[in-house]
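K.L.:
If you scroll down you'll find the structure; I have some questions about it.
Numbering (full-length UniProt numbering), first residue to last: 1 to 233.
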């Protein structure tokens, strides 16, 4: 895992008053692979496709695996594990003594390019991200094939989408995203209203995508990685 030094940042939809402060945390250097998930299924067979109830995963869950949790012939074991629901991804991380990263943690790390912790103002960086969003997505590419960012993390952009712990908890309504008066059960939409930088379309697309899915969805180009708290000294 890569150690991420805490700090603060303003989300694309926010203002200075909604600046987010993060403590130090650790994040997997790479997304979880098919091979790693296959090992998980061997240890926890209750998460095989024929045993998971519909509440926790839809019919697309683990389409690259057979009924016994074995990776199908032709599937790349080094590719990111996709077609995994939020419930299953969360359980995988928990079983490994970790957790899913929060939305803010993921976005904080995703701001970085190869040399800069916050590269959001770089035109070339945003063009790279948007060019990937515009291309047809595949999930057969091996992990580690995109650039290593400032934090030492690979594949934040250019490989697959990724689950976060509170993946679609953002409801843009003119109020702070931390508005606790709305109980959205992690299933609320997102919009560009109130965005601090309307040119940051790449970030808006991520929030819109997260707002369009539910925790039981298993999407072929949606994977995950795990995070872990770092105790304060």
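Glycine included, each C-beta is placed from N, C-alpha and C at the ideal position.
(1) Looking at C-alpha atoms only, which residue of 88, 159, 139 and 204 is the closest neighbour of residue 57?
(2) If you drop the 5 nearest sequence neighbours on each side, which residues of the same chain put their C-beta closer than 7 Å to that of residue 2?
(3) What does the alpha-carbon distance come out to for the pair residue 168 and residue 212?
(4) From the DSSP output, in three-state form, read off residue 146 for me.
(5) By Cβ distance below 6 Å, which residues in the same chain neighbour residue 223 in space, the five residues on each side in sequence not counted?
(6) Just reading off the beta strand (DSSP E) that residue 41 is part of, what are its end residues?
(7) Report yes or no: do three or more beta-carbon pairs, one from the region 58-66 and one from the region 111-124, lie closer than 8 Å?
(8) In this structure, how does DSSP classify residue 106 when only helix, strand and coil are distinguished?
(9) Taking only the alpha-carbon atoms, compute the straight-line gap between residue 132 and residue 43 and give it to the nearest angstrom.
(10) With a threshold of 7 Å on Cβ separation, who are the neighbours of residue 55 within its own chain once the five nearest residues in sequence on each side are excluded?
(11) Measure the C-alpha to C-alpha separation of residue 20 and residue 108 and round it to an integer number of angstroms.
(12) Can you give me the start and stop residues for the alpha helix (DSSP H) that residue 130 sits inside?
(13) CB-CB under 7 Å to residue 91, same chain, minus the five flanking residues each way: which ones, in chain order?
(14) Assuming residue 41 and residue 69 form a contact by the criterion Cβ under 8 Å, report the distance between their Cβ atoms to the nearest whole angstrom.
(15) Have a look at 149, 230, 103 and 157 and flag the residue whose alpha-carbon is nearest the alpha-carbon of residue 9.
(16) Can you say whether residue 129 is buried or exposed, counting buried as having 16 or more other CB atoms within 10 angstroms of its CB?
(17) Keeping to the same chain, check which residues put their C-beta closer than 7 Å to that of residue 93; ignore five residues upstream and five downstream.
(18) Check residue 212 in the structure and name its three-state DSSP category.
(19) Residue 227 lies in the alpha helix (DSSP H); which residues open and close that run?
(20) Among the residues of its own chain, which have a CB less than 6 Å from the CB of residue 86, if the five just before and after it don't count?
(21) Which one of 72, 219, 232 and 157 has the shortest CA to CA distance from residue 84?
(22) When burial is assigned at 16 or more other CB atoms within 10 Å of the CB, is residue 122 buried or exposed?
P.N.:
According to the structure shown:
(1) 88
(2) 26, 27, 29, 151, 152 and 153
(3) 8 Å
(4) coil
(5) 31, 80, 81, 82, 160 and 162
(6) Premise fails: residue 41 lies in the alpha helix (DSSP H), 34-43, not in any beta strand (DSSP E).
(7) no
(8) helix
(9) 35 Å
(10) 216
(11) 9 Å
(12) 123-134
(13) 47
(14) 3 Å
(15) 103
(16) buried
(17) 99, 100 and 226
(18) coil
(19) No alpha helix (DSSP H) holds residue 227; the beta strand (DSSP E) holding it covers 227-229.
(20) 163 and 215
(21) 219
(22) exposed
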